[in-house]
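Everything on this sheet refers to the single structure shown next.
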Amino acid sequence: MSDKLTHLDHQGHAHMVDVSDKDITKRTATAQAILLMQPATLKKVIEGGLPKGDVLATARIAGIQAAKKTSDLIPLCHPLMLTKVTVDIIVISDCELEVLCTCSLSGKTGVEMEALTGASIAALTLYDMCKAVDKGIVIRNVSLLEKKGGKSGDWSKGNV
C-alpha cells in the first residue's frame, strides 16, 4: 500500500490520476452491504409480498446500473468499460440480507469504486422498496471485500 494520496497534486489540489502509462490487466473487485430489517419485512421480500413488486430483481438491476455509472457519481473516477457486473442478494439470517457486487474488466485502473457503488445502490434500492413497511431498516458494513489485479496486486479484507 502507498502512503501517497494519488488524487491530490503537490499543492493538495484534487485531480484525476493519469493512467495512460499503466498496463492493461484483468481486474476484479467485490464489495458488500448488509441490511438489517424486521423479520416480517424480510419474509415479505422473499415471498414477493411488497407493494412495489419484485424487490430483489429491481435491486440487482439498480446495482448493475449504478456500477456502470460510477464515474458520473464520483468526480475523479475514470469511466470504465466494465465487462461483467454481478449483484447477489443473500439471506444471512431471519432479519439480514447481504448484497454482494462484483465488477470485472481488463483495463488500466481498478474497479473497487464500481463494486462499492453497485453494492450501495442495490442496498438503497432495497431500502426504498421496503420503507413502506419498515422505515427502520439499517444499511451497514458497506465495504470492499477483495480486489484482484493491477500494480498493487491482490487484496482481501480477510487478510487485514
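Take the numbering used here: the last position of the sequence shown gets the number 526, and nothing is skipped along the way.
Virtual Cβ for every residue (Gly too), placed ideally from N, Cα, C.
Predicted, not measured: the structure shown is a model, and the values here were computed from it.
#1: Hey, G429 and C467: beta-carbon distance below 8 Å or not?
#2: Whether or not the stretch 432-446 and the stretch 505-514 are in contact is what I'm after, with contact meaning three or more pairs of Cβ atoms, one per stretch, closer than 8 Å; do they touch?
#3: Can you check DSSP and say which residues form a bridge with G473?
#4: Return the residue from the list S386, K410, W521 and T391 that minimises the CA-CA distance to C461.
#5: Report the three-state DSSP secondary structure of T449 (helix, strand or coil).
#6: With a CB to CB cut of under 7 Å and the five nearest residues on each side skipped, what residues in its chain are close to G414?
#7: On the criterion of 16 or more Cβ atoms from any shown chain inside 10 Å, does M553 qualify as buried, or is it exposed?
#8: Identify the residues that DSSP records as bridge partners of K513: which are they?
#9: State the Cα-Cα distance for the pair N507 and T394, rounded to the nearest angstrom.
#10: Out of Q404, P441 and L471, point me to the one whose CA is closest to Y493's CA.
#11: If you check the beta carbons only, do T483 and A432 fall under 8 Å apart?
#12: How many Å lie between S522 and G473 at the Cα?
#13: Compare the C-alpha of T475 against each of M382, Q377 and K388 and name the closest.
#14: If contacts are defined as beta-carbon pairs under 8 Å, then I455 and A425 qualify, I think. What distance do you get, rounded to the angstrom?
Reading it off the structure:
#1: yes
#2: no
#3: T391
#4: K410
#5: coil
#6: D420
#7: Given that the chain is displayed from residue 367 to residue 526, the structure contains no residue 553 and the question cannot be resolved.
#8: A395 and W521
#9: Approximately 20 Å, taken between the alpha carbons.
#10: Q404
#11: Contact flag set, yes.
#12: 20 Å
#13: K388
#14: 6 Å
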